[in-house]
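**Q** Residue numbers (the numbering used here): 1 to 234.
Think of the CB as a built atom: it goes at the ideal place given N, C-alpha and C, for glycine as much as any other residue.
These figures come from a predicted structure and were not determined experimentally.
1) Using CA coordinates, which residue listed in 195, 78, 172 and 57 is at the minimum distance from residue 253?
2) Would DSSP call residue 62 helix, strand or coil?
3) Using beta-carbon positions only, say whether residue 143 and residue 185 come within less than 8 Å of one another.
4) Can you tell me which of the three DSSP states residue 234 falls into?
5) From what residue to what residue does the beta strand (DSSP E) around residue 147 run?
6) Answer yes if the segment 3-19 comes into contact with the segment 170-179, meaning at least three C-beta pairs across the two stretches below 8 Å, and no otherwise.
7) Between which two residues does the alpha helix (DSSP H) harbouring residue 117 extend?
8) Tell me the start and end of each unbroken beta strand (DSSP E) in the segment 195-227 that is at least 3 residues and wholly inside, in chain order.
9) Under 8 Å by Cβ, that's how I've got residue 159 and residue 44 pegged, so tell me the actual separation to the nearest angstrom.
10) With distance defined between alpha-carbon atoms, name the residue in 172, 137 and 190 nearest to residue 156.
11) For a quick check, are the C-beta atoms of residue 23 and residue 49 less than 8 Å apart?
12) Can you give me the start and stop residues for the beta strand (DSSP E) that residue 192 sits inside?
13) Name the DSSP beta bridge partners of residue 14, please?
14) In angstroms with no decimal places, state the Cα-to-Cα distance between residue 199 and residue 33.
15) How about residue 39 and residue 59: do their beta carbons lie closer than 8 Å?
16) Report back the beta-carbon spacing between residue 132 and residue 80 to the nearest angstrom; my notes put them in contact at under 8 Å.
17) Find out if the Cβ-Cβ distance for the pair residue 8, residue 55 is shorter than 8 Å.
18) Under three-state DSSP, which class holds residue 126?
19) What residue range does the alpha helix (DSSP H) around residue 46 cover?
20) For residue 42 and residue 51, what's the separation of their Cα atoms in angstroms?
21) Should residue 214 and residue 222 be called a contact, given that it needs their Cβ atoms to be closer than 8 Å?
22) If you draw a straight line from the C-alpha of residue 182 to the C-alpha of residue 27, how long is it?
23) Which residues does DSSP list as the beta-bridge partners of residue 187?
24) Per DSSP, residue 22 forms a beta bridge with which residues?
25) Applying the criterion that 16 or more other CB atoms from any shown protein chain within 10 Å of the CB defines a buried residue, is residue 46 buried or exposed?
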């Protein structure tokens, strides 16, 4: 579904990603782990068309997208839950969800998709008329996920899903990720929380200073001595 072929990505004069290669197959949950500054957010923004690689290709459904603008990539079926949630805080929960359904293919399904989101996050249904900025951090993350799902994406990117959330809320959010996987949603998790990400994915990549340092099945990475020391504190 998504294939990244040897991309080099710069921010200004600084190179952030080096010869990066990875892929996500349909129906998979794949995680990318890395410390702050490893290049995780630049990777997400490159997939979304915010940064254009100077070398290499990004393919989505066998179509080259690395030079396309973000709005076309979204219309093709890629949606993102950004780091820090970035909900529309002055708007209601319902209005935030409605904004997520702006692609033409999603608009006719707005009510059906909204009901699906409410089944995943019942608290959002209770608070649908509440101003989004007054929600708790966990509720705002639920809203950010729900808004991304409203576009009916073929691929869902989740950037730092657990950032700023308590362990209890994080566990609940990842329970929803498991449900989405069971329903066939393809996902790419970008995380620092290595344990949760690897427990809820099939494969993983370790990003260090803009390069893929390790890759393998999630079980293999959980058992890797370097991962256990560097990311799991063991």
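**A** So, from the listed chains and residues:
1) Beyond the ends of the chain as shown, which are 1 and 234, falls residue 253; an answer cannot be given.
2) coil
3) no
4) Here residue 234 scores only 47 on pLDDT, less than 50, and its place in the model should not be relied on; the value that follows carries that caveat. Residue 234: coil per DSSP, three-state reduction.
5) Careful: residue 147 lies outside any beta strand (DSSP E), inside the alpha helix (DSSP H) at 137-149.
6) no
7) 110-120
8) 203-208 and 211-217
9) 5 Å
10) 190
11) no
12) Residue 192 -> no beta strand (DSSP E), and no H or E assigned at all.
13) 11
14) 13 Å
15) no
16) Between residue 80 and residue 132 the Cβ distance is about 17 Å, and since that is not below 8 Å, they are no contact.
17) yes
18) helix
19) 40-47
20) 8 Å
21) no
22) 9 Å
23) 29 and 156
24) 4
25) buried
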